[in-house]
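Below you'll find the structure, written out as structure tokens, and then a few comments.
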Amino acid sequence: MAEIKSFPNNQDVYIGAEWVMKWLHGRTSGVFGAENNLATAVVPDSMSVQISDGVGWMANANGDGIVFWNDSEQTNGSKLTLTHDVADGVLDRIDRIVVTWETTNYVALPTISILKGTASSTPVPPALTNNNIQRQISLAKVSIPA
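Under my numbering, the first residue of the sequence shown is numbered 42, with each subsequent residue one higher.
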């Protein structure tokens, strides 16, 4: 799990970011449609995925929300990398790469993590949680063969 940045979050001050929130008023959750924005790619010959830098937004049922961004590559010089749990010996599964936001008080920063699926002969991706306490959006579904 990797913590990412957001506005507003009741702990950091970003000059001018309030104008972005006004522009997003009424939008649902998602990522900005720019090339390679929060793009997810499997790392060859590994159980890892990399997520590029990018920006998105999340809103609760009332339309209140945050703008979030991943800037790992810009800040650390490398893309955000997450590692999947080991595959089942017999059954396939589908994992999701998700952005999760705890909505209780706007202090918790969003995270990007792997939501592990259940191994099955007919795997399905795990369900997203979207309620009064937690919001999730899916960046990708990753097939994990047995």
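Note that beta-carbon positions come from the ideal geometry of N, C-alpha and C, so glycine has one too.
I174 and G158 have their C-alpha atoms spaced approximately 21 Å apart. Within the same chain, L79, T81, I138 come within 6 Å of L180 by CB-CB distance, once the 5 residues on both sides are set aside. The C-beta separation of G95 from N111 comes to about 6 Å, placing the pair in contact by the 8 Å criterion. Rounded to the nearest whole angstrom, the C-alpha separation of A102 and A128 is 35 Å.
Residue environment: P151 is assigned as buried (16 or more neighbouring CB atoms within 10 Å of its CB, all protein chains considered). The C-beta of D136 has 16 or more other C-beta atoms within 10 Å across all chains shown, which makes the residue buried.
Boundaries cannot be given for E76, as no beta strand (DSSP E) includes it and DSSP labels it neither H nor E. Note: I138 is bridge-paired with I155, A181 in the DSSP secondary-structure output.
In this structure, DSSP gives S113 a helical state, which the three-state scheme calls helix. For A82, the enclosing beta strand (DSSP E) starts and ends at 81-83. When beta bridges are read from the DSSP output, A100 appears opposite G106. Here L156 is not near P164, since their CB atoms are 8 Å or more apart.
Within the same chain, and ignoring the five residues on either side of S184 in sequence, the residues whose Cβ sits closer than 6 Å to its Cβ are I135. Taking C-alpha positions only, S89 is separated from A187 by approximately 16 Å.
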